[in-house]
Amino acid sequence: GQSLEQPSEVTAVEGAIVQINCTYQTSGFYGLSWYQQHDGGAPTFLSYNALDGLEETGRFSSFLSRSDSYGYLLLQELQMKDSASYFCAVEGGATNKLIFGTGTLLAVQP
Amino acid sequence: GAGVSQSPSNKVTEKGKDVELRCDPISGHTALYWYRQSLGQGLEFLIYFQGNSAPDKSGLPSDRFSAERTGGSVSTLTIQRTQQEDSAVYLCASSLRYGYTFGSGTRLTVV
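Just so you know, the sequences run in chain order G and P.
First residue of the first sequence: 1, per my numbering; consecutive thereafter.
First residue of the second sequence: 1001, per my numbering; consecutive thereafter.
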């Protein structure tokens, strides 16, 4: 089957940099994604890594190491609006389905 | 449409009743998912439709749950004989490849 592990909570201050790690287990890996979910809202897509390395999108970057079954989301210049839950999700298995981790609650403090 | 539309947004039902939840995906998106999210929890995979392939139903928690997708577009999730543990937000998402767009969900409360 597929499973993912990520920290349950992370706290950081405004303007800082924070890294949220994700390790996964899956057969037939296709890609690792990151989603943001504000309280009471729907998840929104942030980034996707299919190959090793770093993908950068504005203040957010995502990294993947397929050999280590590991990835991370890097958030720079943190803002209060970045306070949300962040989910890593892996595509894999026989049908390439998308399975989510349990989520990391990021609290940005002034 | 411009986004993924789910209806109803809220549903309160009595234990033992059947419910139908609807999802209108983004036009042209071949992949469609249903997930369930309980308060403060992660997204639990329920079912996955991809084009004309047989759906991956491996996440459905019991035979009370079923889903169909008609004409490669609209999907309906049906829960029969609802139980209190079915109370959750049911989320639908669609995509052409990666980067899924989620609907706002249906909040189901079984009383």
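Beta carbons: idealized from backbone N, C-alpha and C, even for Gly.
8 Å Cβ cutoff, residue i in contact with chain P
i                 : result
Ala-107 (chain G) : no
Ala-42 (chain G)  : yes
Gly-31 (chain G)  : yes
Thr-104 (chain G) : no
Leu-51 (chain G)  : no
Thr-95 (chain G)  : yes
Phe-63 (chain G)  : no
Tyr-72 (chain G)  : no
Cβ-Cβ distance between residue i and residue j below 8 Å
i                  : j                  : result
Ser-1094 (chain P) : Pro-1008 (chain P) : no
Asn-21 (chain G)   : Tyr-72 (chain G)   : yes
Gln-36 (chain G)   : Leu-46 (chain G)   : yes
Thr-1082 (chain P) : Val-1019 (chain P) : yes
Thr-104 (chain G)  : Ser-33 (chain G)   : no
Val-10 (chain G)   : Leu-78 (chain G)   : no
Thr-102 (chain G)  : Gly-1028 (chain P) : no
Range covered by the beta strand (DSSP E) that runs through residue i
i                  : result
Gln-109 (chain G)  : 104-109
Val-1110 (chain P) : 1106-1110
Asn-1052 (chain P) : From DSSP, Asn-1052 (chain P) is part of no beta strand (DSSP E); its letter is neither H nor E.
Asn-49 (chain G)   : 44-49
Three-state secondary structure (DSSP) of residue i
i                  : result
Asp-1086 (chain P) : helix
Asp-1024 (chain P) : strand
Lys-1015 (chain P) : coil
Interface flag, residue i vs chain G, CB-CB below 8 Å
i                  : result
Asp-1024 (chain P) : no
Gln-1062 (chain P) : The displayed chain sequence assigns Ser, not Gln, to residue 1062 (chain P). So, not an interface residue.
Leu-1043 (chain P) : yes
Leu-1039 (chain P) : no
Beta-ladder partner(s) of residue i, from DSSP
i                : result
Phe-29 (chain G) : None, per the DSSP bridge assignment.
Gly-53 (chain G) : G:Leu-64
Glu-14 (chain G) : None, per the DSSP bridge assignment.
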